[in-house]
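Novice: Counting from 1, position 321 in the sequence shown corresponds to residue 321 in UniProt numbering; the numbering is continuous, with no gaps.
Idealized CB from N, CA, C, for every residue including glycine.
Every value quoted in this text rests on a predicted model; they were computed, and no experiment measured them.
Pasting in a structure now, in structure tokens, and then I'll have a few things to ask.
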Amino acid sequence: MLSNLQLTEVTKQGFGIEQIKMKFMKLGTRPDTFYTEQATRTLISDIPADLVIQINDVTYMLHKFLLLPKCGLLQRLCYDSSDSECVTVELHDIPGGGDAFELCTKFCYGISINISSHNYVLSLCAAKFLRMKDSVEKGNFVGKLESFFNSCILEGWKDSMATLQTTATLPEWSENLGIVRKCIDSIIEKILIPPPQVKWSYTYTRPGYTKKQHHSVPRDWWTEDVSDLDIDLFRCIIMAIRSTYVLPPQLIGEALHVYACRWLPGITKLKSSSSSASSQTDESKLRNQKILETVVSMIPADRGSVSIGFLFRLLSISIHIGASSVTKTELIRRASLQFEEATVSDLLYPSTSSSDQNYYDIELVQAVLETFLKVWKRMSPGAVDNSYFLRSVRNVGQLIDSYLQVVARDDNMPVSKFVSLAETVPGIARLEHDELYHAINIYLKMHPELRKEEKKRVCGILECQKLSQEVRGHAVKNELLPLRTVVQLLYFEQEVKGSKESSRTQKPHEILVRDSKEEMKGKDNQKK
Numbered sequence: 001m002l003s004n005l006q007l008t009e010v011t012k013q014g015f016g017i018e019q020i021k022m023k024f025m026k027l028g029t030r031p032d033t034f035y036t037e038q039a040t041r042t043l044i045s046d047i048p049a050d051l052v053i054q055i056n057d058v059t060y061m062l063h064k065f066l067l068l069p070k071c072g073l074l075q076r077l078c079y080d081s082s083d084s085e086c087v088t089v090e091l092h093d094i095p096g097g098g099d100a101f102e103l104c105t106k107f108c109y110g111i112s113i114n115i116s117s118h119n120y121v122l123s124l125c126a127a128k129f130l131r132m133k134d135s136v137e138k139g140n141f142v143g144k145l146e147s148f149f150n151s152c153i154l155e156g157w158k159d160s161m162a163t164l165q166t167t168a169t170l171p172e173w174s175e176n177l178g179i180v181r182k183c184i185d186s187i188i189e190k191i192l193i194p195p196p197q198v199k200w201s202y203t204y205t206r207p208g209y210t211k212k213q214h215h216s217v218p219r220d221w222w223t224e225d226v227s228d229l230d231i232d233l234f235r236c237i238i239m240a241i242r243s244t245y246v247l248p249p250q251l252i253g254e255a256l257h258v259y260a261c262r263w264l265p266g267i268t269k270l271k272s273s274s275s276s277a278s279s280q281t282d283e284s285k286l287r288n289q290k291i292l293e294t295v296v297s298m299i300p301a302d303r304g305s306v307s308i309g310f311l312f313r314l315l316s317i318s319i320h321i322g323a324s325s326v327t328k329t330e331l332i333r334r335a336s337l338q339f340e341e342a343t344v345s346d347l348l349y350p351s352t353s354s355s356d357q358n359y360y361d362i363e364l365v366q367a368v369l370e371t372f373l374k375v376w377k378r379m380s381p382g383a384v385d386n387s388y389f390l391r392s393v394r395n396v397g398q399l400i401d402s403y404l405q406v407v408a409r410d411d412n413m414p415v416s417k418f419v420s421l422a423e424t425v426p427g428i429a430r431l432e433h434d435e436l437y438h439a440i441n442i443y444l445k446m447h448p449e450l451r452k453e454e455k456k457r458v459c460g461i462l463e464c465q466k467l468s469q470e471v472r473g474h475a476v477k478n479e480l481l482p483l484r485t486v487v488q489l490l491y492f493e494q495e496v497k498g499s500k501e502s503s504r505t506q507k508p509h510e511i512l513v514r515d516s517k518e519e520m521k522g523k524d525n526q527k528k
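What follows is the structure, given as structure tokens:
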């Protein structure tokens, strides 16, 4: 059906790693003579207009002999009028409005028009509304549009994507006419093709990636183009892909990550408070909540399908935009399962309770830590004897101590929050307290205004026996520490030295006798 039509590929620059070719169909040959006079659209003609079409505030002065043969709807509406009578028809409910109607009108007049993925939906919906079918006249507009759609648009990656995006302007019509489903099927079919077989243009702008000759196609080549879609359409595609079980969970997770970066505000760490929930309109806030909650609902259950850093970013954003408690709880749970994989930079986000952007959200980290410990205790009742679980909790302990060293520099960090997070880490998670001491030392330096009681509270979490000799040597000379802590350190230091001296002066058999006596004494005390 398209054999006598002009099909052309338009090349556009600047949309990705390579040139993007978009197809369009050219119909008609006559020049466009439409013009506007006040609120009336008409065209240059020696024949008086005998068909008046009103669409909203615009009036079209047209000719029945050109439109009626191709438009079944106008035939029915003008059925009772005579050939010489001027007829007025109101088409306020035509899909696509005046622009779509004018495309159909120009087709009837033989005026040159270009149909592409960008105006296909409007054209088809309006043509269907006007009943411009082959049953009305052979070679009519609907038939040509559908042939172009099936043979050109659905064959192209960019064309299918662009057409699917335009369905948002007429969602019900697009759904009922099957445009949405056909575009989605075409897109999914291409996504599931092995990367080496991808021959079409796509957008890929990741840092460090350059398109070279014979360069292999990245497996996530499709994620940026799909991220341009509305969240509902994006969800349809992702859920359909997941149902095939062809692509790995990590690739689905990458698509979710790209989409979140594309649409969610505040995805950049430590974003200024001007982008927080306080400055958002109700409409944008609701939209962001929907996007975030939809993205979270689609994260594959497989551990590692998304990074721990991404989970923390989503969690921080969920607090800023006021997402549902269900979404926050799920993000905390997911983050806790991968907490040991985190780095300090993954945890650094501003608090929503302060306008000062240097005020880190320590409560967010504590919530994830507490959930991690609950899961850890539940899954590893014998964790002391289990090397994996023991290593896991100690990795988290080291992470928290390193994090404390960063947040200790925050001028606004209160003693209660600093101590609370430090105390949440169980004793088994810290083999030594050197890193914790460094965090406390930084905190005392950055907060010289602390009262004596506050300093005692901060230093009260230190265990002298878990400090290395080098750190103890530094601590006993640290003027920032309260006197009570220094005395404890000196006392412990003296005990250590005394123990060493005693071990050196006593003979081996004397040490054995002493240990034996202490053991017997312990047993006697137990009997009493």
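Are Glu341 and Ile308 closer than 7 Å when you measure CB to CB?
Specialist: Here the question's residue 341 lines up with position 341 in the sequence shown. Here the question's residue 308 lines up with position 308 in the sequence shown. Going by C-beta atoms, Glu341 is nearer than 7 Å to Ile308.
Novice: When the Cα atoms are used, what is the spatial distance from Gln411 to Tyr359?
Specialist: As a first step, residue 411 must be located in the sequence shown, where it is residue number 411. As a first step, residue 359 must be located in the sequence shown, where it is residue number 359. Note on identity: in this sequence residue 411 is Asp, with Gln being the wrong assignment. Those two C-alpha atoms are separated by around 8 Å.
Novice: Buried or exposed: which applies to Ala301, given that a residue is buried once 16 or more other Cβ atoms fall within 10 Å of its Cβ?
Specialist: In the sequence shown, residue 301 corresponds to position 301, counting from 1. With fewer than 16 other Cβ atoms within 10 Å, it is exposed.
Novice: How should Glu283 be labelled, buried or exposed, when 16 other C-beta atoms within 10 angstroms of its C-beta is the threshold for buried?
Specialist: As a first step, residue 283 is located in the sequence shown; it is residue number 283 there, counting from the start. So Glu283 ends up on the exposed side.
Novice: Measure the beta-carbon distance from Gly28 to Ile115 and round it to whole angstroms, keeping in mind my assumption that it falls under 8 Å.
Specialist: Here residue 28 is taken as the residue at index 28 of the sequence shown, counted from 1. Here residue 115 is taken as the residue at index 115 of the sequence shown, counted from 1. Between Ile115 and Gly28 the Cβ distance is about 10 Å, and since that is not below 8 Å, they are no contact.
Novice: Assuming the contact rule is C-beta atoms closer than 8 Å, Lys23 and Asp159 should be a hit. Round their C-beta distance to whole Å, please.
Specialist: In the sequence shown, counting from the first residue as 1, residue 23 sits at position 23. In the sequence shown, counting from the first residue as 1, residue 159 sits at position 159. Between Asp159 and Lys23 the Cβ distance is about 6 Å, and since that is below 8 Å, they are a contact.
Novice: For residue 584, report the span of its beta strand (DSSP E) as first-last.
Specialist: The structure shown does not extend to residue 584, since the chain is modelled only from 1 through 528, so no value can be given for it.
Novice: Please list the terminal residues of the continuous beta strand (DSSP E) segment that includes Thr59.
Specialist: Along the sequence shown, read from residue 1 onward, the residue named residue 59 stands at position 59. Thr59 -> beta strand (DSSP E) spans 58-62.
Novice: What's the call for Ser345, buried or exposed, on a 16-neighbour Cβ count within 10 Å?
Specialist: Here residue 345 corresponds to residue number 345 of the sequence shown, with the count starting at 1. Looking at its Cβ environment, which holds fewer than 16 other Cβ atoms inside 10 Å, Ser345 is exposed.
Novice: Between Ser84 and the rest of its own chain, which residues show a CB-CB distance below 8 Å, the 5 nearest in sequence each way excluded?
Specialist: Taking the sequence shown and counting its residues from 1, the one referred to as residue 84 is at position 84. If we look at Ser84 and ignore the five residues flanking it on each side, its Cβ neighbours are Asp50.
Novice: What is the rounded straight-line gap between the Cα of Arg451 and the Cα of Phe312?
Specialist: The residue labelled residue 451 in the question sits at position 451 within the sequence shown. The residue labelled residue 312 in the question sits at position 312 within the sequence shown. Using only the alpha carbons, I get a separation of about 34 Å.
Novice: Decide if the region 433-443 is in contact with the region 387-402; the criterion is three or more beta carbon pairs, one per stretch, under 8 Å apart.
Specialist: As far as the Cβ criterion goes, the region 433-443 touches the region 387-402, which means the pair count is three or higher.
Novice: At which residues does the alpha helix (DSSP H) containing Phe234 begin and terminate?
Specialist: By one-based count along the sequence shown, residue 234 stands at place 234. Segment 231-244, the alpha helix (DSSP H) holding Phe234.
Novice: Using 8 Å for Cβ pairs, my map puts residue 534 next to Arg303. What's the rounded Cβ distance?
Specialist: Residue 534 lies beyond the stretch modelled for the chain, which goes from 1 to 528, so this question has no answer here.
Novice: Classify Pro48 as helix, strand or coil using the three-state DSSP reduction.
Specialist: By 1-based counting over the sequence shown, the position of residue 48 is 48. It is coil, neither helix nor strand.
Novice: The alpha helix (DSSP H) spanning Thr294 covers which residue range?
Specialist: Here residue 294 refers to the residue found at position 294 of the sequence shown. Where Thr294 is concerned, the enclosing alpha helix (DSSP H) stretches over 282-297.
Novice: Please report the Cβ distance between Gly97 and Asn56, rounded to the nearest whole angstrom; I am assuming they are in contact, meaning their Cβ atoms lie under 8 Å.
Specialist: Position 97 of the sequence shown holds residue 97. Position 56 of the sequence shown holds residue 56. Sure, about 7 Å apart at Cβ, within 8 Å.
Novice: With DSSP collapsed to three states, give me the class of Glu155.
Specialist: Stepping through the sequence shown from its first residue, residue 155 is reached at position 155. In this structure, Glu155 counts as coil in the three-state DSSP scheme.
Novice: Using the Cα positions of His118 and Phe389, report the straight-line distance between them to the nearest angstrom.
Specialist: Along the sequence shown, one-based indexing puts residue 118 at 118. Along the sequence shown, one-based indexing puts residue 389 at 389. Cα to Cα, His118 sits roughly 55 Å from Phe389.
Novice: Where does Thr167 sit, in a helix, a strand or coil, going by DSSP?
Specialist: Taking the first residue of the sequence shown as position 1, residue 167 is located at position 167. Thr167 falls in the helix class under three-state DSSP.
Novice: On the three-state DSSP scale, how would you describe Thr205?
Specialist: Sequence index remark: in the sequence shown, residue 205 carries index 205 (1-based). Coil.
Novice: Suppose you measure from the CA of Ala126 to the CA of Arg334; what does that come to, to the nearest Å?
Specialist: Locating residue 126 in the sequence shown gives position 126, where the first residue counts as 1. Locating residue 334 in the sequence shown gives position 334, where the first residue counts as 1. Computed Cα separation, rounded: 48 Å.
Novice: Using CA coordinates, which residue listed in Ala408, Glu432, Leu467, Cys464 is at the minimum distance from Pro448?
Specialist: Along the sequence shown, one-based indexing puts residue 448 at 448. Considering only alpha carbons, the answer is Ala408.
Novice: Of all the beta strand (DSSP E) runs that stay within the bounds of the region 105-133, which reach a length of 3 or more residues?
Specialist: Within the region 105-133, the complete beta strand (DSSP E) runs of at least 3 residues are 113-116.
Novice: Report, in whole angstroms, the separation of the C-beta atoms of Leu192 and Val226, which I expect to be a contact under 8 Å.
Specialist: Here residue 192 refers to the residue found at position 192 of the sequence shown. Here residue 226 refers to the residue found at position 226 of the sequence shown. The Cβ separation is near 13 Å, so there is no contact.
Novice: What does the alpha-carbon distance come out to for the pair Thr163 and Lys64?
Specialist: Position 163 of the sequence shown holds residue 163. Position 64 of the sequence shown holds residue 64. Distance between the alpha carbons of Thr163 and Lys64 is about 32 Å.
Novice: Can you look up Glu90 in the DSSP assignment and give me helix, strand or coil?
Specialist: For this step, residue 90 is matched to residue 90 along the sequence shown. Strand.
Novice: What is the C-beta distance between Ile332 and Asn288, in whole angstroms, given that I count them as a contact (C-beta under 8 Å)?
Specialist: Residue 332 sits at position 332 when you count from the first residue of the sequence shown. Residue 288 sits at position 288 when you count from the first residue of the sequence shown. Contact flag wrong, Cβ pair sits at about 19 Å.
Novice: For Ile231, which of Ala422, Met298, Leu315 has the nearest alpha-carbon?
Specialist: One-based indexing of the sequence shown puts residue 231 at position 231. Here the closest residue by C-alpha is Met298.
Novice: Mapping DSSP to helix, strand and coil, what is Pro350?
Specialist: By 1-based counting over the sequence shown, the position of residue 350 is 350. Pro350: strand per DSSP, three-state reduction.
Novice: Since Val419 and Val471 are thought to touch, with beta carbons under 8 Å apart, how far apart are those beta carbons, to the nearest angstrom?
Specialist: As a working mapping, residue 419 is identified with position 419 in the sequence shown. As a working mapping, residue 471 is identified with position 471 in the sequence shown. Not quite, the Cβ-Cβ distance comes to about 19 Å (not below 8 Å), so this is no contact.
Novice: DSSP has Tyr359 in a bridge; who is on the other side?
Specialist: As a first step, residue 359 must be located in the sequence shown, where it is residue number 359. The partner list for Tyr359 (beta bridge, DSSP) is empty, contrary to what the question assumes.
Novice: Kindly identify the DSSP beta-bridge partner or partners of Gly41.
Specialist: Residue 41 sits at position 41 when you count from the first residue of the sequence shown. Rather than Gly, the amino acid found at residue 41 in this sequence is Arg. Looking at the DSSP assignment, Arg41 forms a beta bridge with Thr36, Tyr60.
Novice: Do Phe107 and Phe141 come within 7 Å of each other at the CB atom, strictly closer than that value?
Specialist: One-based indexing of the sequence shown puts residue 141 at position 141. One-based indexing of the sequence shown puts residue 107 at position 107. Yes, these two residues count as a Cβ contact at 7 Å.
Novice: Under three-state DSSP, which class holds residue 574?
Specialist: Residue numbering for the chain in the displayed model covers 1 to 528; residue 574 lies beyond these limits and cannot be assessed.
Novice: Lys417 by DSSP, collapsed to three states: which one?
Specialist: Walking along the sequence shown from the start, residue 417 turns up at place 417. If DSSP states are grouped into helix, strand and coil, Lys417 belongs with the helices.
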